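See below for the structure under consideration.
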Amino acid sequence: KQEVTQIPAALSVPEGENLVLNCSFTDSAIYNLQWFRQDPGKGLTSLLLIQSSQREQTSGRLNASLDKSSGRSTLYIAASQPGDSATYLCAGGTNAGKSTFGDGTTLTVKP
Amino acid sequence: NAGVMQNPRHLVRRRGQEARLRCSPMKGHSHVYWYRQLPEEGLKFMVYLQKENIIDESGMPKERFSAEFPKEGPSILRIQQVVRGDSAAYFCASSVGTGDGYTFGSGTRLTVV
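Protein sequences, first through last, are from chains Z and C.
Be aware that the first sequence starts at -7, since it is given in our numbering, and climbs by one per residue.
Be aware that the second sequence starts at 29, since it is given in our numbering, and climbs by one per residue.
Now the structure itself:
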């Protein structure tokens, strides 16, 4: 059974700082790893999707990496802005369709 | 090019009533997933459906909950005889195929009074 853990649960940084969010998973037979952003009271917005055959994906100031052997993924956010404040969720997907979510890291970027 | 559409956005039901939550997947997506997010908790998988088939219902409570994805129309998550503990945000996601990335709807926030 896949278990996904995100540490820390909350993170506060000053504007402009580069930061890394961590995601660990127990089953290395992961099919894909997807990072989402959730604003309070809203739905989930997909940020990056990494297939199991890939090592990383980039979109603008975001870079996500996947290391299946160590059971880890990271989301790197460059030059953080107050608008980046949100909860960031990672999800490990299987080839059977189901994805398992971590509980998220709530990021606050202070002006 | 509409995304995943969920309605209603907010639903209030009295204890014992039925709740029906609807989800229309993104155009071109034939796989639908339902997740529940309880207050201050993470997203928990409920059910995975394709047209006219339930593929994985391992996360569905054994009683009162059912889901369908008919040949025509949206996917429906049905909760019978709701209780206060059913109060949560229910999210629907869709994908092109098995193992592809998810696109989420905005969710339905169910409040049981």
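A virtual CB, placed ideally from N, CA and C, is assigned to each residue, including glycine.
These figures come from a predicted structure and were not determined experimentally.
For T66 of chain Z, the uninterrupted beta strand (DSSP E) segment begins and ends at R64 to I69.
For S51 of chain Z, the beta-bridge partners assigned by DSSP are Z:L54.
Under the Cβ criterion of 8 Å, I82 of chain C is not counted among the residues facing chain Z. R64 of chain C sits in a strand when the DSSP states are folded into three classes. Linking S20 of chain Z to S61 of chain Z through their CA atoms gives a straight-line distance of about 6 Å. Taking 8 Å as the Cβ-Cβ cut-off, the stretch 75 to 91 of chain Z approaches chain C at L81, A83, G85, T86, N87, A88, G89, K90 and S91, given in chain order. At least 8 Å separates the CB of Y68 of chain Z from every CB of chain C. The Cβ of L39 of chain C sits no closer than 8 Å to any Cβ of chain Z. If one requires a minimum length of 3 residues, the beta strand (DSSP E) runs lying completely within the stretch 54 to 114 of chain C are 59 to 65, 71 to 78, 81 to 84, 93 to 96 and 103 to 107, in chain order. Between the alpha carbons of Y80 of chain Z and N24 of chain Z lies a gap of roughly 17 Å. Secondary-structure assignment with DSSP links A117 of chain C through a beta bridge to C:Q65 and C:R137. For G89 of chain Z, the number of other beta carbons within 10 angstroms of its own is at least 16, and it is reported as buried. Under the three-pair Cβ rule at 8 Å, the stretch 87 to 103 of chain Z counts as touching the stretch 68 to 87 of chain C. Not a single CB atom of chain Z sits nearer than 8 Å to the CB of L49 of chain C.
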